[in-house]
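Whatever position you read off the sequence shown (first residue = 1), add 66 for the working numbering.
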Amino acid sequence: MSHPYKRKIRFLQVKGTHREIGQQIGEQCKQEIHHSIQTAQSLIDVLCSELQMDWNRATLQAKKYLPYVDEYYPQYLEEIRGIAQGSQSSLEEIFTLNAFEGIVMDRLHLSKCTSFAINQERSANQHVLIAHNEDWFPDDEADVYIVKAEVEDEPPFLAMSYGGLLPNIGLNAAGIAQCCDTVYPIEKRIGIPRVVVGRAVLGARTISEAIERAISPHRAAGYNHLIAHEIGELYNIEVSAGNFSILYGQAGAIAHTNHYLSTKMQLLEEESEQLIGSHVRYNRAMRLIQGVEYHDLFSLQAIQRDHVNYPFSICCHATQSQNPYEREKTICAMVMDLTARTLYFAWGNPCENLYYPFSL
Ligand SMILES: [Zn+2]
Numbered sequence: 067m068s069h070p071y072k073r074k075i076r077f078l079q080v081k082g083t084h085r086e087i088g089q090q091i092g093e094q095c096k097q098e099i100h101h102s103i104q105t106a107q108s109l110i111d112v113l114c115s116e117l118q119m120d121w122n123r124a125t126l127q128a129k130k131y132l133p134y135v136d137e138y139y140p141q142y143l144e145e146i147r148g149i150a151q152g153s154q155s156s157l158e159e160i161f162t163l164n165a166f167e168g169i170v171m172d173r174l175h176l177s178k179c180t181s182f183a184i185n186q187e188r189s190a191n192q193h194v195l196i197a198h199n200e201d202w203f204p205d206d207e208a209d210v211y212i213v214k215a216e217v218e219d220e221p222p223f224l225a226m227s228y229g230g231l232l233p234n235i236g237l238n239a240a241g242i243a244q245c246c247d248t249v250y251p252i253e254k255r256i257g258i259p260r261v262v263v264g265r266a267v268l269g270a271r272t273i274s275e276a277i278e279r280a281i282s283p284h285r286a287a288g289y290n291h292l293i294a295h296e297i298g299e300l301y302n303i304e305v306s307a308g309n310f311s312i313l314y315g316q317a318g319a320i321a322h323t324n325h326y327l328s329t330k331m332q333l334l335e336e337e338s339e340q341l342i343g344s345h346v347r348y349n350r351a352m353r354l355i356q357g358v359e360y361h362d363l364f365s366l367q368a369i370q371r372d373h374v375n376y377p378f379s380i381c382c383h384a385t386q387s388q389n390p391y392e393r394e395k396t397i398c399a400m401v402m403d404l405t406a407r408t409l410y411f412a413w414g415n416p417c418e419n420l421y422y423p424f425s426l
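Structure representation (structure tokens):
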């Protein structure tokens, strides 16, 4: 039997209003969406006593976040409604997935995700390249897809997502690209879930609009948003519920993992001692970037396959833990050529799988 992920990832093309693109995603990924709901439910079952929460309680908790999305980003609530309708799931189920980090994940301590980028100064062909390894629960690997969306009032975008989540990580026709990395702020509140904030960034037309959206008022918590513009501007926007820090790329390169880099945000980090693996990946990525003067697609892919500190390496293989909620792995890797508006995508660990190109 051939490896399942040697084949191309599911690629959707959707077009219309926010509701319509959600509905088209829901219809085409129905099986993946239902599977992702089951995965979330079984995770809560396993964690039931630790979290003092069952799926019903999680759904009720998620409902508290909904009025904030309805007020500030009704268009993305429409997308969530569309995904629910198209996949014949309930709004509660899909909304709970999109608020899942706030209600469940913040209590766990997975590490998750490595992002880095280079601009013209460090690029062999003058292209701006952005790389991201998505580390998550192994069960969600089956639910990954890529979507090319033409939404009525936004620049078209090309992005990765999985299950019932709004797309976050990708690039748009205005020349903006975004990667999101989990960070662990002490400060969090009921508000706009991180995934919705990330979706909003993907709709930005300028670098300042992208940053403003990353720090949307009434946000629940925050990611690090690695944001790049095709002209070569590279930013890390480190966010918590009430604070943020703006970091600018140095010497044509930037990277981020899952710990805060700015002194200001480090003071707001929860349980920093749990994040040593994140430091190791960050330092390793920076060293590998600095070790080559001019990068290309292949040199960045080589960094994504790095196995130093295995299994908690940049290419993550930490699937052996006794506890299902401690298992994580790289479920996909991508390099975005922002200049060419092309996304090179490997489904599963990039050390074992091929990259395929998708263009906007
Ligand atoms: Zn690997």
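From the three backbone atoms N, C-alpha and C, an ideal C-beta is built for every residue, glycine too.
Given the structure, does residue i come close to ligand 1, in the sense that its CB is under 7 angstroms from one of the ligand's heavy atoms?
i	result
C381	yes
N415	yes
R350	no
H373	yes
Nearest-angstrom Cα distance between residue i and residue j?
i	j	result
T20	E207	The requested residue 20 is not part of the displayed model; the chain covers only 67 to 426.
P416	A368	9 angstroms
A412	A215	20 angstroms
V194	N290	19 angstroms
T105	T385	16 angstroms
E144	R85	5 angstroms
M331	S282	17 angstroms
A266	G414	26 angstroms
C382	Y138	36 angstroms
G269	N234	10 angstroms
K130	V80	30 angstroms
R371	E418	9 angstroms
C95	Q154	11 angstroms
Y142	A276	16 angstroms
Would DSSP call residue i helix, strand or coil?
i	result
K129	helix
K330	helix
K81	strand
Q370	helix
P45	Outside the shown range of the chain (67 to 426) lies residue 45, about which nothing can therefore be said.
R407	coil
M352	helix
A124	helix
G315	coil
S108	helix
Y211	strand
E339	helix
S115	helix
P416	coil
S344	helix
D206	helix
E216	strand
A276	helix
T323	coil
Which residues in the same chain as residue i place their Cβ atom closer than 6 angstroms to its Cβ, once the five residues preceding and following it in sequence are excluded?
i	result
R76	Y211
R123	none
E304	N290, S311, Y326, S328, M331
N375	V346
Quick one: what's got a C-beta closer than 7 angstroms to residue i's C-beta in the same chain, skipping five residues either side?
i	result
P140	none
Q151	Q89, G92
What residues in its chain sit with their C-beta under 8 angstroms from that of residue i, if we drop five residues either side in the sequence?
i	result
S68	Note that S68 has pLDDT 45, beneath the 50 cutoff, so the model's placement of it is unreliable and no number is given.
R353	none
V249	G288, Y289, N290, E304, V305, S306, N324, H325, Y326, M331, E335
A239	P221, P222, F223, R407, L426
Can you determine whether any heavy atom of ligand 3 sits closer than 7 angstroms to the C-beta of residue i, and answer yes or no?
i	result
Y348	Summarising the ligand content, the structure contains ligand 1 and does not contain ligand 3.
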